[in-house]
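Residue numbers are given in the UniProt record's numbering: position 11 of the sequence shown equals residue 11, and the series is strictly consecutive. Beta carbons: idealized from backbone N, C-alpha and C, even for Gly. Read the structure below first, then the notes.
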Amino acid sequence: MWLGTDHRAGELALEIRDTGRGASAIDDGAGSGLLGMAERAKLYGGTLVARPKGEESLESGFTVEARFPLERVRPGRRTAPAQTTRPYHEQQEEKP
Numbered sequence: 001m002w003l004g005t006d007h008r009a010g011e012l013a014l015e016i017r018d019t020g021r022g023a024s025a026i027d028d029g030a031g032s033g034l035l036g037m038a039e040r041a042k043l044y045g046g047t048l049v050a051r052p053k054g055e056e057s058l059e060s061g062f063t064v065e066a067r068f069p070l071e072r073v074r075p076g077r078r079t080a081p082a083q084t085t086r087p088y089h090e091q092q093e094e095k096p
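Here's what the structure looks like:
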């Protein structure tokens, strides 16, 4: 597995690659892993692209790329800390 990060032009890029068997082109997408990651990236104004590595090379494996915009903070300007919440499964347990 390989993990890379890059920060340039107001953007944070994350790339994860593995050498496993990857997903097939006819994969039905019945899972929620990639969809969930794409939804979370979108919440932060980002994008997610996932594809079998074979589309770009002869190697097997899978590549996931996420990109997020970065805000510039002016000197002297403070930003609010991120709000923390309980894990999703704990929130669901409270619902009737």
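Using the C-alpha atoms, what's the distance from residue j back to residue i?
i, j, result
"Ala25", "Leu35", "Confidence at Ala25 is low in this model, with a pLDDT of 48, below 50, so its placement is unreliable and no value can be given for it."
"Ala13", "Lys53", "18 Å"
"Ala50", "Arg67", "12 Å"
"Met1", "Gly61", "9 Å"
"Asp6", "Glu71", "15 Å"
"Glu59", "Leu3", "17 Å"
"Met37", "Arg17", "15 Å"
"Thr63", "Gly33", "14 Å"
"Arg40", "Gly46", "8 Å"
According to the neighbour-count rule (16 or more other Cβ atoms, all chains shown, within 10 Å of its Cβ), is residue i buried or exposed?
i, result
"Leu48", "buried"
"Thr19", "exposed"
First and last residue of the alpha helix (DSSP H) that includes residue i?
i, result
"Gly33", "Gly33 to Leu43"
Which residue marks the beginning of the beta strand (DSSP E) containing residue i, and which one marks its end?
i, result
"Ala9", "Taken as a continuous stretch (DSSP letters only), Ala9 belongs to no beta strand (DSSP E), as it is neither H nor E."
"Leu70", "Per DSSP, Leu70 belongs to no beta strand (DSSP E) and is neither H nor E."
"Thr19", "Element bounds for Thr19: n/a, residue is neither H nor E."
Can you tell me whether residue i is helix, strand or coil according to DSSP?
i, result
"Ile26", "Interpretation of Ile26 is limited by its pLDDT of 48, a score under 50 that renders its predicted location unreliable; no figure is taken from the coordinates."
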